[in-house]
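Report on one structure; see the data block that follows.
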Amino acid sequence: MEWIALINFLSRWVLFGAVAYKAYQTKNQGWVLLSAAFLIGALDIEAYILNPLGIKIPDEVYDVASLVPSFLIGVSVVWGSLCLKNGKIKFKHALIVSILLVASYLWLFAVAANILGNNFVLENSFPSFVLGGSLLLLSYILWKRIIGERFWDRLFPIGLSIVGLLNLTYPFGRQVDWYSTFAFSAAALGRIVAAVGAFAFVFYPVVKPKKTSVSNVPPLGAYLFSSEEELLSKYPHFFRNDMIVVTRTDPERAAEKFSEGSLVFWLTRTKEGLILEKPRVIAISPSKLGILQDLITRELENGYRIVYIDALEYLKSEVGFEPTMKFLFAVKDTVTTKESVLAVVVNKNVFDERERRILEREFSL
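Counting in this note's numbering, the sequence shown runs without a single skipped number right up to 414 at its last residue.
The following block contains the structure:
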């Protein structure tokens, strides 16, 4: 069991190191919160962590002290996960985090005051639910919003989900010898898998696309074109560059039109997921603009410097003008902060006069 304890210990620090470096790279508050959570996890109140350091928690405070890390990690992971998902924490999410904090304090108070009657299963049920549930939430968000399709990267959320599920069983399985031994080994495996995935995701990212020569594209900023012909008349080699594309162009034509290094999001309600490899064509529903916005942000962080959109008319007909503009302006703001280029081709005749004014006010013509 000593080597399993060592693996458990080392994998916790690898996880913390990878996530902390990601926080340093991105300056993203979600990764900062997650790095704090994983640091607390690396310093958890576990015998195999504390004994080599010569530290012993007094028996009279152990019951309460052992629950504190579960709450701190759980709340930090929930908070960080919501920040990764939404870019910033919204009111309803702040409310969820606040309720978790208050509930955690009340639970610790109840344990300290012996209100729960020293019942091991009962005392550990809520902390284990918070910790396990938070890791499952993070796994889901990483899988759906953050991590790409590369196998090694996906080990990150897979490993975390294993640890999360095992934590949910802790109150019932801890006092069963055979299951406790199994769970300890399985948790070590889960942490190894997560650590390998996190290390690959952070330190060996998918090869970034080449940066676009500014001679082939408009100056940095956001631009509106009335047709593809107008765009190409000014920048004839525009489509030779690797770019992020949001389009209604069918996959076969997209493969001919855009460079192999481009990432094409094909708006459709008939299919979902990866359609082609070169260029990567991913089918996505127009009703998932929030997810699409997150994906575009992630790919800009990965190195793309051009976003091309030619599907505003379709989006307006499918989801309405306001959601379409909310998505477009969010992408524009991200492009601006990433010192990139946004080129939008749109037939302005499909918009009424008020809508055209709103659109033209935000873009260079």
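Ideal Cβ positions, reconstructed from N, Cα and C, are used throughout, including at glycine.
All of these numbers come straight from a predicted model, not from anything done at the bench.
Nearest to residue i (by Cα), restricted to the options the options
i: valine 242; options: Lys283, Phe233, Phe221, Ile207; result: Ile207
i: leucine 269; options: Val390, Tyr253, Ile106; result: Val390
i: glutamine 74; options: Ile331, Glu350, Leu217, Ile340; result: Glu350
i: lysine 387; options: Glu348, Asp401, Leu408, Glu411; result: Glu348
i: leucine 150; options: Ala360, Tyr363, Val117, Leu185; result: Val117
i: glycine 181; options: Tyr353, Phe120, Gly213; result: Gly213
i: serine 234; options: Gly246, Asn216, Glu301; result: Asn216
i: serine 308; options: Ile355, Thr346, Glu278; result: Ile355
i: alanine 392; options: Asp401, Phe378, Glu404; result: Phe378
i: alanine 3; options: Thr230, Glu404, Thr373, Ile104; result: Beyond the ends of the chain as shown, which are 50 and 414, falls residue 3; an answer cannot be given.
i: aspartate 299; options: Val330, Leu281, Leu361; result: Val330
i: glycine 103; options: Glu95, Ser119, Ile340; result: Glu95
i: alanine 114; options: Val160, Asn77, Tyr70, Ala72; result: Val160
i: methionine 292; options: Gly310, Ser276, Leu185; result: Gly310
Residue i classed as buried or exposed, judged by whether at least 16 other C-beta atoms fall within 10 angstroms
i: lysine 358; result: For clarity, residue 358 is isoleucine in the given sequence; the question names lysine instead. Counting Cβ neighbours within 10 Å, isoleucine 358 comes out buried, since at least 16 surround it.
i: phenylalanine 376; result: buried
i: serine 262; result: Below a pLDDT of 50, predicted positions are generally treated as unreliable, and serine 262, at 49, falls in that range; the measurement from the model is reported next regardless. Serine 262 is exposed by the Cβ-count criterion.
i: alanine 303; result: buried
i: phenylalanine 140; result: exposed
i: valine 225; result: exposed
i: valine 384; result: buried
i: glycine 66; result: buried
i: serine 183; result: buried
i: proline 176; result: buried
i: leucine 323; result: exposed
i: aspartate 343; result: buried
i: alanine 162; result: exposed
i: alanine 144; result: Residue identity check: residue 144 is leucine in the sequence provided, not alanine. Result: exposed.
i: arginine 61; result: buried
i: asparagine 167; result: exposed
i: tyrosine 284; result: buried
i: serine 147; result: exposed
i: glycine 79; result: buried
i: asparagine 396; result: exposed
i: serine 275; result: exposed
i: serine 366; result: exposed
Alpha helix (DSSP H) segment containing residue i, residue limits
i: glycine 270; result: Looking at the DSSP string, glycine 270 is not in any alpha helix (DSSP H); the run it does join, the beta strand (DSSP E), is 270 to 274.
i: isoleucine 89; result: 78 to 91
i: alanine 56; result: Sequence check: residue 56 is isoleucine here, not alanine. Residues 51 to 75.
i: isoleucine 407; result: 402 to 411
i: leucine 165; result: Taken as a continuous stretch (DSSP letters only), leucine 165 belongs to no alpha helix (DSSP H), as it is neither H nor E.
i: lysine 397; result: It is not in any alpha helix (DSSP H) - lysine 397 carries neither H nor E in the DSSP assignment.
i: valine 283; result: Contrary to the premise, residue 283 reads as lysine rather than valine in this sequence. Per DSSP, lysine 283 belongs to the alpha helix (DSSP H) from 277 to 283.
Range of the contiguous beta strand (DSSP E) that encloses residue i
i: leucine 391; result: 390 to 394
i: alanine 94; result: With the sequence shown as reference, residue 94 is identified as isoleucine, and alanine is not the correct amino acid for it. Unbroken run through isoleucine 94: none, as it is neither H nor E.
i: isoleucine 293; result: 293 to 296
Cutoff 8 Å: residue i Cβ touching any chain B Cβ
i: glutamate 350; result: In the structure shown, chain B cannot be found, because there is only a single protein chain.
**Q.** Contact the segment 155 to 162 vs the segment 123 to 135: 3+ CB pairs below 8 Å
**A.** With fewer than three CB-CB distances shorter than 8 Å, the segment 155 to 162 does not count as touching the segment 123 to 135.
Q) At which residue ranges does the segment 113 to 162 contain complete alpha helix (DSSP H) runs of 4 or more residues, listed in the order of the chain? A) Within the segment 113 to 162, the complete alpha helix (DSSP H) runs of at least 4 residues are 117 to 135, 140 to 161.
Q) Contact between the segment 333 to 342 and the segment 306 to 321: three or more CB pairs below 8 Å? A) Yes: the two stretches touch, three or more of their Cβ pairs being nearer than 8 Å.
Q: Could you tell me which uninterrupted alpha helix (DSSP H) segments, each at least 4 residues in length, are contained entirely in the segment 298 to 374, listed from first to last along the chain?
A: Runs of alpha helix (DSSP H) with 4 or more residues, each lying fully within the segment 298 to 374, are found at 300 to 306, 338 to 350, 361 to 368, listed in chain order.
Q. Can you list the beta strand (DSSP E) stretches of 3 or more residues lying completely in the segment 190 to 274, in chain order?
A. You should have 270 to 274.
Q. Is the segment 208 to 216 touching the segment 231 to 239 in the sense that three or more CB pairs, one from each, lie closer than 8 Å?
A. Flag = yes, the segment 231 to 239 and the segment 208 to 216 touch.
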